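Chemist: When we follow the numbering used here, the leftmost residue of the sequence shown carries the number 1113, and every step to the right adds one.
Even glycine gets a Cβ: it sits at the ideal position worked out from N, Cα and C.
Remember, it's a predicted structure, so these values are computed and weren't measured experimentally.
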Amino acid sequence: MPLNIKVGDTIQTKKKHPCGGDRWLVLRTGADFVIKCEKCNHQTWISRVKLEKSVKEIIVKE
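1) Compute the Euclidean distance between the alpha carbons of Ile-1170 and Gln-1124, then round it to the nearest angstrom.
2) Determine the burial state of Val-1138: buried for a count of at least 16 other Cβ atoms within 10 Å of its Cβ, exposed for fewer.
3) Ignore the nearest five residues each way along the sequence and tell me which others in Lys-1126's own chain have a CB closer than 6 angstroms to its CB.
4) Specify, as a first and last residue, the run of the alpha helix (DSSP H) that Val-1167 falls within.
5) Do you know how far the Cα of Pro-1114 is from the Cα of Thr-1122?
6) So the beta strand (DSSP E) Val-1146 belongs to, where does it begin and stop?
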């Protein structure tokens, strides 16, 4: 069952980005996601399968 991740949610990953940040803002959802590091603003495309394996916590947008 896929995780319920929506645009605008923030996710915390198990491993840190090279800049030291581990929180990412979700900009696009679907088979692939576009996520942006909240510390250095780096954007990247990632597949749903790879993202779901690396998620530690989902911080839902209010």
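Modeler: According to the data block:
1) 6 angstroms
2) By the 10 Å Cβ count, Val-1138 comes out buried.
3) Hits under 6 angstroms: Ser-1166, Lys-1168.
4) Element bounds for Val-1167: not the alpha helix (DSSP H) but the beta strand (DSSP E), 1167–1171.
5) 16 angstroms
6) 1144–1149
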